[in-house]
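Everything on this sheet refers to the single structure shown next.
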Amino acid sequence: MIGDSLPEYVFIRLSILGLRSIAPLSILYVVLSWYHGHFLYSWWLGLYATAEAVFYLAIFLPRSRLLQKVRMRESPSSKQTRTPCGAVPNSSGCRVDLTK
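Quick note: the sequence shown uses the working numbering, first residue 18, plus one each step.
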């Protein structure tokens, strides 16, 4: 289990910061590599950074914006149109009480 000491808290916060910085750093690496005309460090790192940047820009950002939108909810139906708990309408339109 994770304790509540200050060093553990700092470690967790730094870990979160490191994981969240992967995509922006990948975008930066791809842009700098494009500017120089070749991958700066290695071909494999360039391939990984490109895949990470494409996923972040093409899938993650649009999806997170879509999920953060405020949705308009339908207005609640009137009391006359709702079915009371335990009652199910039958084929003739009459309600059958299943609680008995």
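For glycine and all other residues, C-beta sits at the position ideal for the given N, C-alpha and C.
task: State the DSSP-derived secondary structure class of Phe56, mapped to helix, strand or coil.
output: If DSSP states are grouped into helix, strand and coil, Phe56 belongs with coil.
task: Would you check if the distance between the CB atom of Leu45 and the CB atom of Leu57 is smaller than 8 Å?
output: Going by C-beta atoms, Leu45 is not nearer than 8 Å to Leu57.
Beta-carbon gap between Ala40 and Ala70 smaller than 8 Å: Their beta carbons are under 8 Å apart, which means Ala40 touches Ala70 by this criterion.
message: Which same chain residues end up closer than 8 Å to Tyr26 when comparing Cβ atoms and leaving out the 5 residues on each side of it in sequence?
response: Nothing listed; no residue qualifies.
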